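> Residue numbers (my numbering): 115 to 372.
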C-alpha cells in the first residue's frame with residue numbers, strides 16, 4: 115500500500131512538472147509570436163497556458179495584453195467585438211492582480227484595459243474609471259519605478275485630461291466629484307513620457323505620445339526630435355508599431371511644412 119501511495123505521489127509530481135514545462139513553453143512561444151506582431155497566434159499560446167493553469171500570473175497578464183493588442187487592430191466597424199476584447203482583457207488583468215498583488219505587470223494591465231473599457235462608456239463612468247486607471251498605474255510604478263508601460267499610462271492620463279474642454283473638466287469636477295482631475299498637468303505628462311522613453315528608448319509608442327504632448331505644449335522643435343527618432347527605430351513587438359510609425363511620419367510632415 116505504501117509503495118502504491120509513493121508511486122501515485124511520484125506520478126502527480128511528474129504531471130505537475132510536465133504541466134509547468136508546457137506552460138513555460140507556451141508563454142515563450144506566445145512572446146515570440148507577439149514579437150513577430152502576430153497577436154492572434156500569441157493569444158492561442160497564452161490561452162493554452164491558461165488551460166493548463168487558469169491562475170498562472172504571467173499567462174493572465176500577457177493574455178490581457180494581447181487582447182488589447184487585438185482590440186486596437188480592429189476598425190470602428192467592429193466596435194462590438196473590440197469592446198468585448200477589452201472587457202475580457204480587464205477580467206484577465208484583474209485575475210492576475212488577484213493572483214499576485216505585488217506584480218507590477220498585473221496592475222499595469224488593469225490600468226490599460228480599464229482605460230480601453232472606459233472609452234466605451236458614458237461621461238459619468240469615464241470619470242470614475244479615470245481614478246482607477248491612475249491608481250493602478252501608480253501602484254505599478256510603486257512596485258517597479260522603471261516600468262515604462264505604467265509611466266506611459268500616467269503620461270497619457272495627464273495629457274488626455276488636459277485635452278478635455280474646459281466645460282467638460284468643470285462638469286467633472288463640479289458635478290461628478292472628480293477632484294483627481296486637478297492633479298493633471300502638461301508638465302506631469304511630459305515628465306512621465308520622458309521617463310518612459312528613458313527606460314525604453316526603442317519603444318516607438320513612447321516617442322510618439324511624448325511628441326504629441328510636446329506639440330500641445332507648443333514645443334515643436336523638441337517634438338520633431340522624437341518624431342525623427344521614430345523614423346530610425348526598428349519595429350518592435352507591439353502589433354501597432356507600423357501604425358505608430360505612420361502617425362509619427364504624418365505629424366512630422368505637418369510640423370515641417372512651411
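Just so you know, even glycine gets a beta-carbon here, dropped at the ideal spot from N, CA and C. Remember, predicted model here, so these are calculated numbers, not experimental data.
Nearest to residue 159 by alpha carbon, out of 141, 278, 169?
Of the listed residues, the one whose Cα sits closest to residue 159 is 141.
> Going along the chain, which residues of its own chain have a beta-carbon closer than 6 Å to the beta-carbon of residue 254, five neighbours each way excluded?
The answer, listed in chain order, is 218, 221, 222, 261, 264.
> Can you name, in chain order, every residue of its own chain whose Cβ lies under 8 Å from the Cβ of residue 294, other than the five neighbours on each side?
Correct list, in chain order: 244, 245, 248.
> Determine the DSSP secondary structure at residue 193, reduced to helix, strand or coil.
The answer is helix: DSSP assigns residue 193 an H, G or I state.
> Between residue 328 and the rest of its own chain, which residues show a CB-CB distance below 6 Å, the 5 nearest in sequence each way excluded?
Cβ within range, chain order: 336, 337.
> Considering only C-alpha positions, which residue in the set 169, 318, 183 is nearest to residue 360?
It is 318 whose Cα lies nearest to the Cα of residue 360.
> Just checking, does the stretch 164 to 172 make contact with the stretch 197 to 214 on the three C-beta pairs under 8 Å criterion?
These segments touch.
> If we ignore side chains and look at the alpha-carbon of each, how far apart do residue 363 and residue 183 end up?
Going from the Cα of residue 363 to the Cα of residue 183 covers about 21 Å.
> By Cβ distance, which residues of its chain are closer than 7 Å to residue 201, with the 5 residues on each side in sequence left out?
Within the same chain, residue 201 has close Cβ partners 231.
> Taking the alpha-carbon positions, what's the residue 303 to residue 143 distance?
Going from the Cα of residue 303 to the Cα of residue 143 covers about 35 Å.
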